[in-house]
Amino acid sequence: MEVFFTVILTIFDFPLGEGFGINTNLLETNVLNLAVVIGVLVYFGGDVLTSLLKNRRELILKSLNDAEERYQEAIAKLEKAKAQLETAKTKAEEIRAQSLVTASKGSTNLLERAEEDIKRLEEAKQVSLRFEEEKAIQEVCEQVRELAFEQAVQKVKKRLDVNLQRRVIDLNIALLGQL
Numbered sequence: 001m002e003v004f005f006t007v008i009l010t011i012f013d014f015p016l017g018e019g020f021g022i023n024t025n026l027l028e029t030n031v032l033n034l035a036v037v038i039g040v041l042v043y044f045g046g047d048v049l050t051s052l053l054k055n056r057r058e059l060i061l062k063s064l065n066d067a068e069e070r071y072q073e074a075i076a077k078l079e080k081a082k083a084q085l086e087t088a089k090t091k092a093e094e095i096r097a098q099s100l101v102t103a104s105k106g107s108t109n110l111l112e113r114a115e116e117d118i119k120r121l122e123e124a125k126q127v128s129l130r131f132e133e134e135k136a137i138q139e140v141c142e143q144v145r146e147l148a149f150e151q152a153v154q155k156v157k158k159r160l161d162v163n164l165q166r167r168v169i170d171l172n173i174a175l176l177g178q179l
């Protein structure tokens, strides 16, 4: 930087410390020199600094707006997710209630079918028992008839002698004659 000031001083041919000039020794500079330097910086660099600060401010505001938009989107998504969760909970509760009703109806139907099957089996058992009973009665009746017939035949054979045969024949002839 001293080279720069030396070049400027040689151009204007001002000796150091005389007249108006820039003192490059910061410890020996006075307030007036500092004010001049700051004024030049503000005058020439003010627009640049203002535009930099303005750009930075716009960038920060844009970042804040983007963050706010993302926040609002996140809140909206959260609300939507909460609504979907509530809907899912409601549907799950409905499905659970329906499954309980279906299970209850299924068990009731199963019990009713079992009772009907038991009744049918009981009726079939009763019919089978009656059939077997009737069959047994018929067999007993048949055996009784056969025994009675055999006993009657044996009694007739024992009693049937020649005299009895003649009397039966004569009686039958007499009956035929009356006709």
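Going by UniProt numbering, the residue at position 30 of the sequence shown is 30; the numbering climbs one at a time, nothing skipped.
We put the CB at the ideal spot given by N, CA and C, even for glycine.
Here DSSP, grouped into helix, strand and coil, assigns residue 147 to helix. Residue range 162 to 178 is occupied by the alpha helix (DSSP H) that includes residue 171. A direct Cα-Cα distance of roughly 22 Å separates residue 94 from residue 109.
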